[in-house]
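Accompanying notes for the structure given below.
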Amino acid sequence: TQLLEQSPQFLSIQEGENLTVYCNSSSVFSSLQWYRQEPGEGPVLLVTVVTGGEVKKLKRLTFQFGDARKDSSLHITAAQPGDTGLYLCAGSGSSNTGKLIFGQGTTLQVKP
Amino acid sequence: DSGVTQTPKHLITATGQRVTLRCSPRSGDLSVYWYQQSLDQGLQFLIQYYNGEERAKGNILERFSAQQFPDLHSELNLSSLELGDSALYFCASSSQGWPGNTIYFGEGSWLTVV
Chain A
-15 TQLLEQSPQF LSIQEGENLT VYCNSSSVFS SLQWYRQEPG EGPVLLVTVV TGGEVKKLKR
45 LTFQFGDARK DSSLHITAAQ PGDTGLYLCA GSGSSNTGKL IFGQGTTLQV KP
Chain B
25 DSGVTQTPKH LITATGQRVT LRCSPRSGDL SVYWYQQSLD QGLQFLIQYY NGEERAKGNI
85 LERFSAQQFP DLHSELNLSS LELGDSALYF CASSSQGWPG NTIYFGEGSW LTVV
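So the sequence lines, in the order shown, correspond to chains A and B. For the first sequence, the residue numbers in the working numbering are -15 to 96. For the second sequence, the residue numbers in the working numbering are 25 to 138.
So, in structure tokens, the structure goes:
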């Protein structure tokens, strides 16, 4: 069974601080996605990483896929209150489906 | 707005009852997914349909069933409801059904079983 472990589960920081969220597994994923979910809404895709070692940037967010495609990280620079939300990593396995395995999520609170 | 429409948004029902959740995928998307989100289990994959046929099955209970109709909308049927079935149920869709396709989630249906 493929599992994704996210850490930390909760993070409360001040505006302007940097943070990193980790997503780890013992399994290899063909691709890994990061989502952000706000209360009362469904998850919204931020990025998809496919190649081992790949780094993608989305404004102040930097996503990295591990060389072995078993882990990923999300780094936020100079966090802002608008970054507050639930961040989820999700892995796509080697099966011929679009099924996603989700991590438990990281709840981020950025205080002004 | 993801383009995925789910109804109802909120539902309160009693144990032992049966409910149906409905999903309209984004225009043109052939694949529909159902996920369950609860505080203790997180987001769990239930089932995927592609162009009317079941493509993948996850941790879906036997009391739950789903189908995708010719017009591509989907329904998730939950029967003999238990308190533990209280959760947020998401429908999602993608253009195809392959790994790496962008998946768009609806706003979810809140189910409370009392």
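From the three backbone atoms N, C-alpha and C, an ideal C-beta is built for every residue, glycine too.
For B/R50, there is no enclosing beta strand (DSSP E), as DSSP gives it neither H nor E. Residue-level contact by beta carbon fails for A/S9 and chain B, as no gap is shorter than 7 Å.
In this structure, B/R79 sits near A/T81, with a CB-CB distance shorter than 7 Å. A/F47 has a beta carbon lying at 7 Å or more from every beta carbon in chain B. Note on A/A62: under 16 other CB atoms within 10 angstroms of its CB, so exposed under the neighbour-count rule. Annotation for B/W134: the continuous beta strand (DSSP E) segment containing it runs S133 to V137. Around the CB of A/F(-6), fewer than 16 other CB atoms lie within 10 Å, so the residue is classed as exposed.
Here the C-alpha atom of B/L102 lies approximately 12 Å from the C-alpha atom of B/Q60.
Per DSSP, B/K33 lies in no beta strand (DSSP E) and is assigned neither H nor E.
Restricting attention to beta strand (DSSP E) runs no shorter than 3 residues, the segment 65 to 101 of chain B encloses them at 66 to 74, 77 to 81 and 88 to 92, ordered along the chain. In the three-state scheme derived from DSSP, where H, G and I count as helix and E and B as strand, B/L105 is classed as coil. Exposed is the label assigned to B/V138, since fewer than 16 other Cβ atoms lie within 10 Å of its Cβ. B/S26 reaches chain A at G26, counting residues in chain order whose Cβ is nearer than 7 Å. B/A38 counts as exposed, since fewer than 16 other C-beta atoms from the protein chains shown sit within 10 angstroms of its C-beta. Taking C-beta atoms under 8 Å as the contact rule, B/T136 and B/I36 qualify, at a distance of about 5 Å. Of all alpha-carbon atoms in B/L63, B/Y57 and B/E77, the one lying nearest the alpha-carbon of B/F69 is that of B/Y57. Sixteen is the threshold: since fewer than 16 other Cβ atoms of the shown chains lie within 10 Å of the Cβ of B/D64, the residue is exposed.
Annotated three-state conformation of A/G37 is coil, per DSSP. At a C-beta separation below 7 Å, A/G82 has these neighbours in chain B: S55, Y57, Q72, S118, G121, W122, P123, N125 and I127. Looking at B/Q120, B/S119, B/I84 and B/S26, the one whose alpha-carbon comes closest to that of A/V28 is B/S26. Closest in C-alpha terms to A/L70, from the list A/T(-15), A/Q(-14), A/P96 and A/P(-8), comes A/P(-8).
In this structure A/V31 does not touch A/S15 by the C-beta definition: roughly 10 Å separates them, more than the 8 Å allowed.
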